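Chains A and B, in that order, give the protein sequences. Every letter in the first sequence is one number past the one before it in this note's numbering, and letter 93, counting from 1, is 93. Every letter in the second sequence is one number past the one before it in this note's numbering, and letter 136, counting from 1, is 350. For reference, the structure discussed in these notes is given below.
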Amino acid sequence: MMLRSTVRREIRQVVDPATGGDGTDRELVLAYQRDPDGDVGRQAASRLLARYRQRVLVWCWRVVGDRETALDAAQEVLLSAWGRLDEYDHDGRFGAWLFTIARNRCLSELRRRRVPLDTEAVIELVADPTPAPDEDLERRLAAEDLLGLVRDTLSPEEGTAVWLRCHEGLSVDAITRHLALDEKSGARGVLQRARRKLRAAVAARAGDEDGGEG
Amino acid sequence: MMEHCHPMNELADLAGLPTGDPRRRHLEDCPRCRGLAAAQGLFLEPGDTSDLPDLVAADAELAGRLQSALATPPGAVTRPTRRRANWYALAAVLAVCAVGLTASELWRGPGGTGPRVGEYVRGDEAVGLAVTTGEGFLRCDWPAAPEAETFVFALLDAGLAEVERHQEVRPGFEKSVTDLPATAVYCQAFAVSRGDTIARSGIVALRPARE
Ligand SMILES: [Zn+2]
């Protein structure tokens, strides 16, 4: 009997919620912050991270694109969150805080691979692929400018698709699912339409500038 | 960034504001805030994940990795803070020396003064829990910890709560696939000696065996 109860205690330590039930995120963080080095705090943190584990993995996978890198990134994100849990100040949702960590980790992975992001990615989306780098276009599309262009030119759906692709690095598949788009053309179709509109807007703007100068 | 852009931690709550609220209007007008809110929404509610093959198994692998990284015996400290890393390394080395384990077969677990409970390691490799099927049977084998007297195989649900357990005197168990609880998704094995859990396996998905 003694043996059985010891084993049960050990297993419960691994699989059971820290606070004896499903605490809210806030309760679990507080339990950890009250007792960061004790069993209760450790189990609370463990439970909290288990709650978000798959979401972190899915995000990382959809951004970095392959299973193994995603597993490494997700592990780092969750361990980093654990290490910084005592700094979390309950301002806003825990999920939003964790998202910031996951997002930054994935974006740095894309930057490490030199995947274009932000302004560069939008330029790539808009630029005509035939002539080599369009410095003029680059100059005209400064970051601030770009958001204005997106706001004035694209529908909310197109703008969101461009953001998710160019600023978050999400796969076209994931964007299609998130925006609940028609599977046939999906986000690819929306991005192509956005590209045409943005190109036309850039060309019109260039025409205005030339006209003004001439 | 437009004027009055919202910090990330406020974005999730903005969509719920009344239509006329200026913060909500900003969200609707600003591509940055709208894009970030959509990204955060997709993180919190990933929706259909059929674009990710084998997610359940990958998630189980991640759970196992985290558990190995974070599990601690009672009394030891595990937070992965940098200032404690050297102490862990030292404690682990001392623990190994103190019990005179051979170099080829030892425990990989956190250092500290409590019982050594971690993954069982042979050479550099953790000894994995193998889940196989044959003719309607599910079989779990964990050829670790020969000094253990009993082995416990815990079937866990998606939230890692225990659904069912099997206590065995050999490092494996077999069960008819049709008898598996519907909510059982993972398996984890524990080795027990003299009433103490002395090692645990990683968490392994049962799913391939149930297809
Ligand atoms: Zn904004």
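In this text, a Cβ means the ideal position worked out from N, Cα and C, and glycines have one as well. Being a predicted model, the structure only gives us computed values, none of them experimental.
How big is the Cα-Cα spacing for A/L107 and B/V391?
42 Å
Is B/C401 near ligand 1, in the sense that its beta carbon is under 7 Å from a heavy atom of that ligand?
no
Determine, using beta carbons only, whether A/R53 comes closer than 8 Å to chain B.
yes
Helix, strand or coil at A/L170 according to DSSP, with G and I counted as helix:
coil
Is the CB of B/R238 under 8 Å away from at least one CB in chain A?
No, because no Cβ of chain A sits closer than 8 Å to the Cβ of B/R238.
Taking 8 Å as the threshold (C-beta atoms), are B/A277 and B/T417 in contact?
Residue identity check: residue 417 of chain B is Ile in the sequence provided, not Thr. It is a contact, given that the beta carbons lie within the stated cut-off.
Throw me the rounded Cβ distance for the A/A194 and A/A161 pair, which I believe falls under 8 Å.
6 Å
Does the separation of the CB atoms of B/L352 and B/K389 fall below 8 Å?
yes
Determine the closest residue to A/V64 out of A/V122, A/P36 and A/E109, with distance taken between C-alpha atoms.
Looking at the Cα atoms, A/E109 is the closest of the given residues.
Below-8 Å beta-carbon distance, B/R246 vs any chain A residue:
yes
Excluding the 5 residues flanking B/E319 on each side, which residues of the same chain have their C-beta closer than 6 Å to its C-beta?
Residue placement at B/E319 cannot be trusted, given a pLDDT of 36 that sits under 50; the coordinates are not used to answer.
Does DSSP put A/A102 in a helix, a strand or coil?
helix
Compare the C-beta of B/F446 against all C-beta atoms of chain A and say whether one is closer than 8 Å.
Because chain B here runs from 215 to 425, residue 446 of chain B falls outside it and cannot be looked at.
Tell me whether the stretch 81–91 of chain A and the stretch 32–39 of chain A touch, counting them as touching only if at least three CB pairs, one residue from each stretch, are closer than 8 Å.
Counting Cβ pairs under 8 Å, three or more are found: they touch.
Between B/H220 and ligand 1, is there a pair consisting of the residue's CB and a ligand heavy atom that are separated by less than 7 Å?
Yes, Cβ of B/H220 sits closer than 7 Å to a heavy atom of ligand 1.
Below 7 Å, is the gap between the Cβ of A/C106 and the nearest heavy atom of ligand 1?
no
What is the C-beta distance between B/S415 and B/A398, in whole angstroms, given that I count them as a contact (C-beta under 8 Å)?
The pair is not a contact, with the Cβ atoms about 16 Å apart (cut-off 8 Å).
Enumerate in chain order the residues of its own chain whose CB-to-CB distance from A/L154 is below 8 Å, with the five nearest sequence positions on each side excluded.
Excluding positions up to five away in sequence, the list reads V162, A194, K197 and L198.
By alpha-carbon positions, which one of B/R408, B/V270 and B/G409 ends up nearest to B/C401?
B/V270
Indicate the three-state DSSP secondary structure (helix, strand or coil) for A/H90 in the structure shown.
coil
B/E363, DSSP secondary structure in three states
coil
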